[in-house]
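Student: Be aware that the sequence shown starts at 35, since it is given in my numbering, and climbs by one per residue.
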Amino acid sequence: MSNFDNPAERLLLILRKGKTFSSANPCLAGWKMVLMTNDLSTMLARLGNVMKLPYQVVEMATQTIPTESESWDYWFPKINEGFSTQNLSGQWQTFIGHIDDHTLRYLSMTSRLLNSSSSQKVIEEVELKEIKAKLVAILESLIEQTNIPTSVLSFVHRTLHSLIESIDQYFITGALPISDMTDSALGHALLNPEYRDFLKENSLGKAYIETVIVLAKEIVKATNKDTQIEMGPIDRLIGF
């Protein structure tokens, strides 16, 4: 497993995991195993994000390694053929049968080439699990709160759900959705005084924003280990 993160590496790991599942088993069972959920709606949502990965890879590769198109000319149509012809009511073979050794080999080559032009590192799984556990605990405690303005409660509730789901889907979608949500959680303090007061005066609000900041720092560290979040503006805004 590479220490670098890019959509090709994520797709490669997903396909390799899929190759370990018996092709005679049901296709739905294969995707539930690969995408780590037994819930059908969650599985279908995650599968939709997996199906976007080949296009994200080619878009990124075209921008960063345009002279290496032969590395994706083979695997791109093969994987998309698997997606378009699979039978979710049939056997896993209807998808995984399209993923041969050459597909994985060329996709691995694309991933290595992308790694050579990117500094995006993988966020440690243990770090994400610890942060997710804190977010889940905060979400559960939020239900008991009766003195939070409705608009603030709604925003924090949505943000927590989105952050938790983004962490759960990190192995598919990478750091960008998490980064977008941490940016939103921090930036909203500039726009909403009631939300800002919640972060400053409510113990749950403080725990929430402190956890968001920890997560944001993990994103920055993965992007560039020599970069740090400048906490001064955040401290002045929120009043920590």
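Heads up, the beta-carbon is just placed ideally off N, CA and C, and yes, glycines get one too.
Whole angstroms is fine: what's the gap from Arg146's alpha carbon to Ile113's?
Tutor: Going from the Cα of Arg146 to the Cα of Ile113 covers about 18 angstroms.
Student: Taking Cβ positions, are Ser151 and Thr98 nearer each other than 7 angstroms?
Tutor: Closer than 7 angstroms, so yes.
Student: Where does Gly239 land, buried or exposed, given buried means 16+ other C-beta within 10 angstroms?
Tutor: The residue is buried, with at least 16 neighbouring Cβ atoms inside 10 Å.
Student: What span of residues does the alpha helix (DSSP H) with Lys112 cover, start to end?
Tutor: First-last of the alpha helix (DSSP H) with Lys112: 109–119.
Student: Hey, could you find the ends of the alpha helix (DSSP H) Trp65 is sitting in?
Tutor: Residues 61–68.
Student: Is the shortest distance between the beta-carbon of Asp202 and the beta-carbons of chain B less than 7 angstroms?
Tutor: Absent from the structure is chain B; it holds one protein chain and no more.
Student: For Phe38 and Thr180, I'd like the C-alpha separation in whole angstroms.
Tutor: Straight-line Cα distance between these residues: approximately 44 angstroms.
Student: In terms of residues, what are the limits of the alpha helix (DSSP H) holding Asp135?
Tutor: Start and end: 135–149.
Student: Can you say whether Ile177 is buried or exposed, counting buried as having 16 or more other CB atoms within 10 angstroms of its CB?
Tutor: The residue in question, Ile177, is exposed, as its Cβ has fewer than 16 Cβ neighbours within 10 Å.
Student: When you compare only the Cα positions, how much space is there between Glu228 and Arg44?
Tutor: Answer to the nearest angstrom: the Cα atoms are 39 angstroms apart.
Student: Is it buried or exposed, Asn40, if we count other Cβ atoms within 10 angstroms and call 16 or more buried?
Tutor: That one is buried.
Student: Under DSSP, the alpha helix (DSSP H) around His191 begins and ends at which residues?
Tutor: Unbroken alpha helix (DSSP H) run through His191: 184–202.
Student: Nearest-angstrom Cα distance between Ile165 and Val254?
Tutor: So the two alpha carbons sit approximately 15 angstroms from each other.
Student: Contact defined as beta carbons within less than 8 angstroms: I believe Phe232 pairs with Val186. What is the distance between those atoms, to the nearest angstrom?
Tutor: At roughly 5 angstroms, the Cβ-Cβ gap stays under 8 angstroms, so Phe232 and Val186 are in contact.
Student: Please determine, among Ala256, Trp109, Ser196, the residue with the shortest C-alpha to C-alpha distance to Tyr140.
Tutor: Comparing Cα positions, the closest option is Trp109.
Student: Look at the alpha carbon of Glu281 and the alpha carbon of His132, and state the distance between them as a whole number of angstroms.
Tutor: Lying before the first or after the last residue shown, residue 281 is absent from the chain, which here runs from 35 to 274.
Student: Around the Cβ of Leu275, are there at least 16 other Cβ atoms within 10 angstroms (buried) or fewer (exposed)?
Tutor: Residue 275 lies beyond the stretch modelled for the chain, which goes from 35 to 274, so this question has no answer here.
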